[in-house]
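Visitor:
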Amino acid sequence: SIPKRVLGSSNIGVSACGLGTQRWACADFNGPDETLCHEMMDRAVLEAGVNLVDTAEQYPIPSNQLHPRGTTEEVIGRWISLDRTRRDKLVIATKITGGLNVNEANIKKDLEGSLKRLQTDYVDIYLTHWSFRVSQPQQNWGQSLQYRRYGPKVTSRQASFEEIVRSMDALVQAGKIRGWGCCNESPYGATRLVATAKSMGMVPACVFQNDYSILNRRCEENGLFEMCSPENENVGFMAYNVLAGGVLTGKYLDEPAAPDQPNPAKAVGFTVNPRGRMDDSSWGRTLYRYRTEAADDATRRYAKLAKDNGLSLTELALGREASRSCITTAVGPIPHGTPG
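Mapping the sequence shown onto the numbering used here, position 250 (from 1) lands on 237, and the numbers just tick up by one.
1) With R179 as the anchor, note down where its alpha helix (DSSP H) starts and where it stops.
2) Determine the DSSP secondary structure at T58, reduced to helix, strand or coil.
3) Which word fits A317, buried or exposed, when buried means at least 16 other C-beta atoms lie within 10 angstroms of its C-beta?
4) Expressed to the nearest angstrom, what Euclidean distance is found between the alpha-carbon atoms of M27 and L303?
5) In its own chain, which residues sit with a C-beta less than 8 Å from the C-beta of Y109, not counting the 5 before and 5 after it?
6) Taking I(-1) and D111 to be in contact with their CB atoms under 8 Å, please state how far apart those CB atoms are, rounded to whole angstroms.
7) Between the alpha carbons of F224 and T315, how many angstroms are there, rounded?
8) Would you kindly work out how many angstroms separate the C-alpha atoms of L158 and E91, rounded to a whole number?
9) Please classify L158: does DSSP put it in a helix, a strand, or coil?
10) Am I right that G57 and R120 are in contact with their C-beta atoms under 8 Å? What's the rounded C-beta distance?
11) Between the Cα of L98 and the Cα atoms of N88, N17 and I83, which residue gives the shortest distance?
12) When the Cα of S50 is compared with those of G233, L6 and A12, which residue comes out closest?
13) I need the DSSP call for I79, collapsed to helix, strand or coil.
14) What did DSSP end up calling W167 once you bin it into helix, strand or coil?
15) Taking Cβ positions, are V1 and R10 nearer each other than 8 Å?
16) So is Y199 buried or exposed if we call it buried at 16+ other beta carbons inside 10 Å?
17) Return the chain-ordered list of same chain residues with a C-beta closer than 6 Å to the C-beta of A282, the five sequence neighbours on each side being excluded.
18) Scan the region 215 to 289 and note each continuous alpha helix (DSSP H) run of 4 residues or more that stays entirely inside, going in chain order.
19) Could you give the DSSP three-state label for N51: helix, strand or coil?
20) Relative to the C-alpha of K95, which residue among V78, Q106, A80 and Y113 is closest?
21) Taking just the CA atoms, how far does K291 sit from G297?
22) Using 8 Å for Cβ pairs, my map puts G271 next to R264. What's the rounded Cβ distance?
23) Could you check the C-alpha separation between H25 and K185 for me, to the nearest Å?
24) DSSP three-state call for N197: helix, strand or coil?
25) Comparing C-alpha positions only, which one of A177, R287 and N93 sits nearest to V234?
26) Alpha carbon to alpha carbon, how far is R73 from E21? Give it in angstroms, no decimals.
27) Determine which residues share a DSSP beta bridge with Y113 and list them.
28) May I ask you to report which of helix, strand or coil DSSP gives C13?
29) Are the CB atoms of V40 and I79 within a distance shorter than 8 Å?
30) For K(-9), list the residues DSSP reports as bridge partners.
31) Starting from A317, trace the beta strand (DSSP E) both ways and give me its first and last residue.
32) Nearest CA to the CA of S268: which residue from T279, A254, Y277 and L87?
33) Rank Y175, N93, G138 and F212 by C-alpha distance to the C-alpha of I151 and give the top, closest one.
34) So D319 packs on V229, CB below 8 Å; how close in whole Å?
35) Which of helix, strand or coil does DSSP assign to G7?
36) In this structure, does DSSP put L23 in helix, strand or coil?
In structure tokens form, the structure reads like this:
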């Protein structure tokens, strides 16, 4: 069975791996439909003992009129409605859309929307999807680290650390959520939120969620893991994008992603019939950091290491995540037989 781990100082136990749902029922070429999503939940939750399902009010991504935002939560809610005892088997993490949308009124309002779509009266973990501070560099998917400067007309509209803590604490006290946290938050923001909660005598964040893989160890290097450790603030960590946008499946080793293709005909072919996000014209450029010369060299070395030890590259990448004491749980695809 899959081991369970407690998120920081909370009483929330999560499976060492969880289901990521960003693309469930999405508008993209390889988005799983509702039937397949329910089959994945059957296998992971009912058969394998996975309890963590990570979602967001903004999912699916990408969305359109036929696949609007909020659909992913509805898919999960309809699975729960098939047997109400299923809710007790789940730890549901969902997120409020970040930026200036995050304030006291919207934290409460958006949560109510998520609860309705999920067909539940509480959420286990409620996170901000990205920072409420507009000046913070983008922390997800290895994108720009450049600080953004805005005038007071913009910054005066952003929530304070105290407002976030007070709003989340109120939801905990009301029984609407069991714990809270932040996704794509910087070490400064994460540390400040925990310190603010403790100084106010309120419930601190129990988890932070960030992009982390063997190709992107920024959280180890920038101090976030040090802050989260039991010796310091004791906060859980939820890793996502553990396969680096699909690069760590090895499917781009023989033929480069479409944006990197030296052969124009092949570039067109992979764009028309993409193998994954890296072949997409927009995502492929956004996620370039996982295909740089250094990243490609590292991926090939990891692939050889995996082969020499009788593993697939995917198994090596996921197995390493499971072995890291700083990671409470990893969200994403969990193939059968992954070493733990």
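All residues carry an ideal CB built from backbone N, CA and C; glycine is no exception.
Guide: Let me spell this out:
1) Sequence index remark: in the sequence shown, residue 179 carries index 192 (1-based). Its alpha helix (DSSP H) spans residues P174 to M187.
2) Along the sequence shown, one-based indexing puts residue 58 at 71. Helix, per DSSP.
3) To locate residue 317, count along the sequence shown from 1; it is residue 330. The residue is buried, with at least 16 neighbouring Cβ atoms inside 10 Å.
4) In the sequence shown, the residue the question calls residue 27 occupies position 40. In the sequence shown, the residue the question calls residue 303 occupies position 316. Distance between the alpha carbons of M27 and L303: 22 Å.
5) By 1-based counting over the sequence shown, the position of residue 109 is 122. Excluding positions up to five away in sequence, the list reads L102, G162, K163, I164 and R165.
6) Looking up residue -1 in the sequence shown gives position 12. Looking up residue 111 in the sequence shown gives position 124. Between D111 and I(-1) the Cβ distance is about 6 Å, and since that is below 8 Å, they are a contact.
7) As a position in the sequence shown, residue 224 is number 237, starting the count at 1. As a position in the sequence shown, residue 315 is number 328, starting the count at 1. Going from the Cα of F224 to the Cα of T315 covers about 5 Å.
8) Mapped onto the sequence shown, residue 158 falls at position 171. Mapped onto the sequence shown, residue 91 falls at position 104. So the two alpha carbons sit approximately 11 Å from each other.
9) For the purposes of this step, residue 158 is identified with residue 171 of the sequence shown, where counting begins at 1. Here L158 sits in helix by DSSP.
10) In the sequence shown, the residue the question calls residue 57 occupies position 70. In the sequence shown, the residue the question calls residue 120 occupies position 133. Between R120 and G57 the Cβ distance is about 25 Å, and since that is not below 8 Å, they are no contact.
11) Numbered from its first residue, the sequence shown carries residue 98 at position 111. Closest option to L98, Cα to Cα, is I83.
12) Residue 50 sits at position 63 when you count from the first residue of the sequence shown. Selected option, being the one with the closest Cα: A12.
13) The residue given as residue 79 occupies position 92 in the sequence shown. DSSP places I79 in the strand class (E or B) of the three-state scheme.
14) Start at 1 with the first residue of the sequence shown, and residue 167 comes out as number 180. For W167, the three-state secondary structure derived from DSSP is strand.
15) On the sequence shown, position 14 is the one that residue 1 refers to. On the sequence shown, position 23 is the one that residue 10 refers to. Cβ distance not < 8 Å, so V1 and R10 don't count as in contact.
16) Taking the first residue of the sequence shown as 1, we reach residue 199 at position 212. When all chains shown are included, Y199 counts as buried.
17) The sequence position of residue 282 within the sequence shown is 295, counting from 1. L202.
18) Counting whole runs of 4 or more residues, the region 215 to 289 contains the alpha helix (DSSP H) stretches 251 to 259 and 268 to 273.
19) Taking the sequence shown and counting its residues from 1, one reaches residue 51 at position 64. Coil.
20) Against the sequence shown, residue 95 aligns to sequence position 108. Ranking V78, Q106, A80 and Y113 by Cα distance to K95 puts Y113 first.
21) Locating residue 297 in the sequence shown gives position 310, where the first residue counts as 1. Locating residue 291 in the sequence shown gives position 304, where the first residue counts as 1. Distance between the alpha carbons of G297 and K291: 10 Å.
22) Against the sequence shown, residue 271 aligns to sequence position 284. Against the sequence shown, residue 264 aligns to sequence position 277. Contact holds; Cβ gap of about 7 Å.
23) Taking the sequence shown and counting its residues from 1, one reaches residue 25 at position 38. Taking the sequence shown and counting its residues from 1, one reaches residue 185 at position 198. Looking at the two C-alpha atoms, the distance is approximately 40 Å.
24) Mapped onto the sequence shown, residue 197 falls at position 210. The DSSP-derived three-state label of N197 is strand.
25) Your numbering for residue 234 matches position 247 in the sequence shown. The residue with the shortest Cα to Cα distance from V234 is R287.
26) Position 34 of the sequence shown, counted from the start, is the residue given in the question as residue 21. Position 86 of the sequence shown, counted from the start, is the residue given in the question as residue 73. Approximately 17 Å between the Cα atoms of the pair.
27) The sequence position of residue 113 within the sequence shown is 126, counting from 1. As computed with DSSP, Y113 is found in a beta bridge with T81 and W167.
28) By 1-based counting over the sequence shown, the position of residue 13 is 26. Coil.
29) Here residue 79 refers to the residue found at position 92 when the sequence shown is read from its first residue. Here residue 40 refers to the residue found at position 53 when the sequence shown is read from its first residue. Taking 8 Å as the Cβ cut-off, I79 and V40 qualify as a contacting pair.
30) Reading the sequence shown from its first residue, position 4 is the one you call residue -9. Paired residue(s): S2.
31) Locating residue 317 in the sequence shown gives position 330, counting from the first residue. Membership of A317 in the beta strand (DSSP E) is indicated by the continuous run T316 to V318.
32) Residue mapping note: residue 268 aligns to position 281 of the sequence shown, counting from 1. Among T279, A254, Y277 and L87, the Cα nearest to that of S268 belongs to A254.
33) As a first step, residue 151 is located in the sequence shown; it is residue number 164 there, counting from the start. When each option's Cα is compared against that of I151, the closest is N93.
34) One-based indexing of the sequence shown puts residue 319 at position 332. One-based indexing of the sequence shown puts residue 229 at position 242. Before going on, a small fix: residue 319 reads as Gly here, not Asp. At roughly 5 Å, the Cβ-Cβ gap stays under 8 Å, so G319 and V229 are in contact.
35) Start at 1 with the first residue of the sequence shown, and residue 7 comes out as number 20. Strand, per DSSP.
36) In the sequence shown, counting from the first residue as 1, residue 23 sits at position 36. The answer is helix: DSSP assigns L23 an H, G or I state.
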